[in-house]
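Sequence order for the protein chains is A and B.
Count along the first sequence from 1, add 26, and you get the number used in my numbering.
Count along the second sequence from 1, add 23, and you get the number used in my numbering.
Some notes on the structure that comes next.
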Amino acid sequence: MESGIIPAISVDGLSVRFGELSNRITALENVTFNVPEGSFITMVGPSGCGKSTLLKAIADLVAYDEGTIKVFGRSPEEARLARDFSFVFQESTLLPWRTAIENIILPLEVGSHSGNVESHAEPQDLLELVGLAGRGEALPNELSGGMQQRVSIARALVCRPRVLLMDEPFGALDEITRDKLNQELLRIWKETGTTIVFVTHSVPEAAYLGQKCLVLSRNPGRVLEFPVIEYSTPRKPAIRDTFEFVQVTSKLRSLLECADQA
Amino acid sequence: MKKQSTDHNWLKGLKKHLPAITTVFGLLVMWQLIVSVFNIPTYIAPSPVQVAMVFVEKGDILWINFLPTFFEALSGFILGNSVAVFLAICFVHNRLAERAFYPIAVFINTIPIIAIAPILVLILGNGYAPKIVIAALICFFPTLVNMVRGLNAVSPQMLDLMHVLSATKPEILLKIRIQSSLPFLFAALKIASTTSVIGAIVGEWIGSNYGLGALIIEATYNFRSPMLYATVITGASLAVIGFTLTSIAEHHFIKWKSGSVS
Ligand SMILES: Nc1ncnc2c1ncn2[C@@H]1O[C@H](COP(=O)(O)OP(=O)(O)OP(=O)(O)O)[C@@H](O)[C@H]1O
Ligand SMILES: [Mg+2]
Numbered sequence: 027m028e029s030g031i032i033p034a035i036s037v038d039g040l041s042v043r044f045g046e047l048s049n050r051i052t053a054l055e056n057v058t059f060n061v062p063e064g065s066f067i068t069m070v071g072p073s074g075c076g077k078s079t080l081l082k083a084i085a086d087l088v089a090y091d092e093g094t095i096k097v098f099g100r101s102p103e104e105a106r107l108a109r110d111f112s113f114v115f116q117e118s119t120l121l122p123w124r125t126a127i128e129n130i131i132l133p134l135e136v137g138s139h140s141g142n143v144e145s146h147a148e149p150q151d152l153l154e155l156v157g158l159a160g161r162g163e164a165l166p167n168e169l170s171g172g173m174q175q176r177v178s179i180a181r182a183l184v185c186r187p188r189v190l191l192m193d194e195p196f197g198a199l200d201e202i203t204r205d206k207l208n209q210e211l212l213r214i215w216k217e218t219g220t221t222i223v224f225v226t227h228s229v230p231e232a233a234y235l236g237q238k239c240l241v242l243s244r245n246p247g248r249v250l251e252f253p254v255i256e257y258s259t260p261r262k263p264a265i266r267d268t269f270e271f272v273q274v275t276s277k278l279r280s281l282l283e284c285a286d287q288a
Numbered sequence: 024m025k026k027q028s029t030d031h032n033w034l035k036g037l038k039k040h041l042p043a044i045t046t047v048f049g050l051l052v053m054w055q056l057i058v059s060v061f062n063i064p065t066y067i068a069p070s071p072v073q074v075a076m077v078f079v080e081k082g083d084i085l086w087i088n089f090l091p092t093f094f095e096a097l098s099g100f101i102l103g104n105s106v107a108v109f110l111a112i113c114f115v116h117n118r119l120a121e122r123a124f125y126p127i128a129v130f131i132n133t134i135p136i137i138a139i140a141p142i143l144v145l146i147l148g149n150g151y152a153p154k155i156v157i158a159a160l161i162c163f164f165p166t167l168v169n170m171v172r173g174l175n176a177v178s179p180q181m182l183d184l185m186h187v188l189s190a191t192k193p194e195i196l197l198k199i200r201i202q203s204s205l206p207f208l209f210a211a212l213k214i215a216s217t218t219s220v221i222g223a224i225v226g227e228w229i230g231s232n233y234g235l236g237a238l239i240i241e242a243t244y245n246f247r248s249p250m251l252y253a254t255v256i257t258g259a260s261l262a263v264i265g266f267t268l269t270s271i272a273e274h275h276f277i278k279w280k281s282g283s284v285s
């Protein structure tokens with residue numbers, strides 16, 4: 027799967043600053059990394075280290091000062107216009123007056139229809155994919171928080187994006203729901219072959235999902251390490267109890283401690 | 024299933040309002056008793072029975088004067104709110120327009136409507152026009168303020184989502200802003216439905232020989248208290264009908280919001 031000659035995302039020497047000269051904040055400095063096509067990358071770091079900013083810079087939501095970002099060799103703006111990527115936010119961004127199905131087809135109703143919109147996915151298939159078959163007519167406030175995030179994921183997938191950017195999508199959910207959705211996200215990732223960049227505060231989540239985990243340090247945000255995460259057994263819920271998994275999480279935890287002190 | 028629950032609500036509503044209905048009935052009986060026991064002259068305070076007799080005997084006069092007031096209030100309601108909604112949409116899309124016109128709107132709002140009414144009669148003559156304009160003016164400001172607030176009541180995440188989808192400003196207006204503003208708009212429309220009636224009646228006080236306002240003046244000067252009371256009740260009923268219809272429209276348009284702004 028990790029074949030593509032052009033990486034899905036390549037970030038090179040990226041710096042992002044906020045504010046005027048007097049009270050300038052450097053959110054990200056000299057960030058460089060590549061995301062191969064089809065891979066699942068998780069991103070962890072102390073609060074305020076610039077994870078959201080990095081994801082938003084890739085999604086053309088934040089302007090950057092130095093460096094380059096390429097999504098399949100294109101600038102973030104070109105990639106956005108071509109609908110190369112989708113974004114899933116932490117808070118539910120479903121429109122409360124639209125049913126689940128109507129929310130899922132929102133991306134087909136707005137914006138440039140020049141990209142891969144014509145080959146969009148069937149909304150009903152997506153509902154089934156995220157485990158909500160038969161709930162298409164429900165309004166968001168009739169769905170639980172976990173179900174709402176499932177709808178958000180279905181909406182993100184409707185244009186068949188090549189990259190899925192997820193900013194703490196399960197951050198507001200309880201652990202049991204979160205574990206279940208993690209499992210389903212892995213399944214969706216395998217079924218669709220989408221490249222995923224997944225920001226989280228949870229070390230076990232990062233260790234469970236990611237093939238590689240981007241660890242950022244704080245003040246200013248830099249790449250501390252980008253370790254590969256591998257297991258000898260397939261990623262199933264039971265893996266969380268293995269020694270291998272605990273080794274990975276404790277390594278990530280110690281990295282995070284370094285990141286916080288830096 | 025939905026129908027059943029509304030029927031149930033209706034019964035529940037009746038039960039809820041039963042104390043109020045009983046109280047009103049009790050007060051009417053007390054009023055009647057006080058007027059007859061103390062022999063209060065009719066021109067000071069008519070009894071409820073005398074007022075009721077006006078509706079029976081002079082119903083045609085009330086009806087003939089009700090129609091122009093109804094027409095003026097409705098036209099003013101539509102005019103004032105349309106202009107307010109249109110301006111609010113302009114303000115949200117153009118900061119310059121907001122800075123240019125908002126202070127004027129505030130200034131117009133600070134002029135007491137009673138003071139501005141004679142000026143409008145001088146300018147617009149004796150017909151429907153000044154009454155409609157006064158009713159419109161009285162509706163205008165609350166709707167403008169609420170509509171601007173409502174159109175801006177869109178979360179930053181929602182706007183980020185629309186940006187990722189490359190949505191245009193008109194698309195954001197139609198798909199998101201209008202619907203988000205509806206609870207705010209209806210809060211203002213409910214106020215406007217009653218104040219537009221006040222505006223029309225105030226307009227008729229100044230140089231008019233038709234409408235409920237003129238009837239109030241005429242009845243007062245001729246000490247026809249039962250007629251005065253009946254006219255006031257008719258005007259109040261018009262406001263109540265307007266308020267009720269607006270509330271029904273609100274429930275129809277904002278089904279997705281369980282507890283709407285009240
Ligand atoms: N729009 C903005 N204007 C000014 N400063 C900003 C803006 N957005 C982010 N920042 C700053 O940039 C830094 C990184 O913020 P960011 O939201 O990317 O952190 P984060 O890693 O996502 O944090 P968290 O884990 O709490 O979500 C913070 O210091 C924040 O104050
Ligand atoms: Mg964040």
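Even for Gly, the Cβ is constructed at its ideal location relative to N, Cα and C.
Quick caveat, the model's predicted, so the values are computed rather than measured.
Where residue i meets chain B, residues with beta-carbon distance less than 9 Å
i             : result
L87 (chain A) : D183, H186 and V187
Listed by chain order, chain B residues near residue i by CB distance under 7 Å
i              : result
L165 (chain A) : W279
R106 (chain A) : V187 and S189
Beta-carbon neighbours of residue i, restricted to chain A and to distances below 9 Å
i              : result
E194 (chain B) : E135, V136 and G137
Cross-chain neighbours of residue i in chain A, by beta carbon under 7 Å
i              : result
Q180 (chain B) : F115, E117 and T119
I201 (chain B) : Result: empty, since nearest Cβ-Cβ is about 10 Å, beyond 7 Å.
For residue i, the three-state DSSP class (helix, strand or coil)
i              : result
A211 (chain B) : helix
F246 (chain B) : coil
G99 (chain A)  : coil
I255 (chain A) : coil
A49 (chain A)  : Here residue 49 (chain A) is Asn; the residue named in the question, Ala, does not match the sequence. Here N49 (chain A) sits in coil by DSSP.
K278 (chain B) : coil
R248 (chain A) : strand
L165 (chain A) : coil
S140 (chain A) : Because the pLDDT of S140 (chain A) is 45, which lies under 50, any placement of that residue in the model is unreliable, and the number read from its coordinates should be weighed accordingly. S140 (chain A) falls in the coil class under three-state DSSP.
R109 (chain A) : coil
N88 (chain B)  : helix
K81 (chain B)  : coil
E117 (chain A) : coil
S178 (chain A) : helix
V241 (chain A) : strand
W33 (chain B)  : helix
R172 (chain B) : helix
S189 (chain B) : coil
L40 (chain A)  : strand
F130 (chain B) : helix
V156 (chain A) : coil
E92 (chain A)  : strand
L199 (chain A) : coil
T217 (chain B) : helix
Residue i versus residue j - alpha carbon distance
i              : j              : result
A159 (chain B) : L102 (chain B) : 6 Å
G45 (chain A)  : V144 (chain B) : 55 Å
S98 (chain B)  : I155 (chain B) : 6 Å
L165 (chain A) : T220 (chain A) : 28 Å
R204 (chain A) : I44 (chain B)  : 52 Å
I84 (chain B)  : E128 (chain A) : 53 Å
F123 (chain A) : R118 (chain B) : Before going on, a small fix: residue 123 (chain A) reads as Trp here, not Phe. Each residue's Cα considered, the two are about 28 Å apart.
N142 (chain A) : L107 (chain A) : Interpretation of N142 (chain A) is limited by its pLDDT of 49, a score under 50 that renders its predicted location unreliable; no figure is taken from the coordinates.
Q237 (chain A) : P253 (chain A) : 9 Å
V58 (chain B)  : G258 (chain B) : 24 Å
E104 (chain A) : G137 (chain A) : 13 Å
T268 (chain A) : E231 (chain A) : 15 Å
S140 (chain A) : H274 (chain B) : With a pLDDT of only 45 at S140 (chain A), under 50, the local geometry of the prediction cannot be trusted, and no value is derived from it.
R181 (chain A) : A126 (chain A) : 9 Å
Under 8 Å by beta carbon: chain A residues contacting residue i
i              : result
K198 (chain B) : L121, L132, E135 and V136
### Task
Scan the region 248-275 of chain B for residues whose Cβ lies nearer than 7 Å to a Cβ of chain E and list them as they occur along the chain.
You won't find chain E in this structure, because its protein chains are A and B.
### Query
Is the number of C-beta pairs between the region 236-245 of chain A and the region 275-288 of chain A that are closer than 8 Å three or more?
yes
### Task
Decide if the region 197-207 of chain B is in contact with the region 162-177 of chain B; the criterion is three or more beta carbon pairs, one per stretch, under 8 Å apart.
yes
### Task
Any chance you could list the residues with Cβ under 5 Å from a heavy atom of ligand 1, keeping chain order?
A:F44, A:A53, A:S73, A:G74, A:C75, A:G76, A:K77, A:S78 and A:T79
### Query
Does the region 206-219 of chain B come close enough to the region 261-272 of chain B that 3 or more CB-CB pairs lie under 8 Å?
yes
### Query
Is the region 185-196 of chain B touching the region 118-132 of chain B in the sense that three or more CB pairs, one from each, lie closer than 8 Å?
no
### Task
May I ask you to verify whether the region 208-220 of chain A touches the region 35-49 of chain A, counting CB pairs closer than 8 Å and requiring at least 3?
no
### Task
Tell me, please, whether the region 151-161 of chain A touches the region 63-78 of chain A by the rule of three or more beta-carbon pairs shorter than 8 Å.
no
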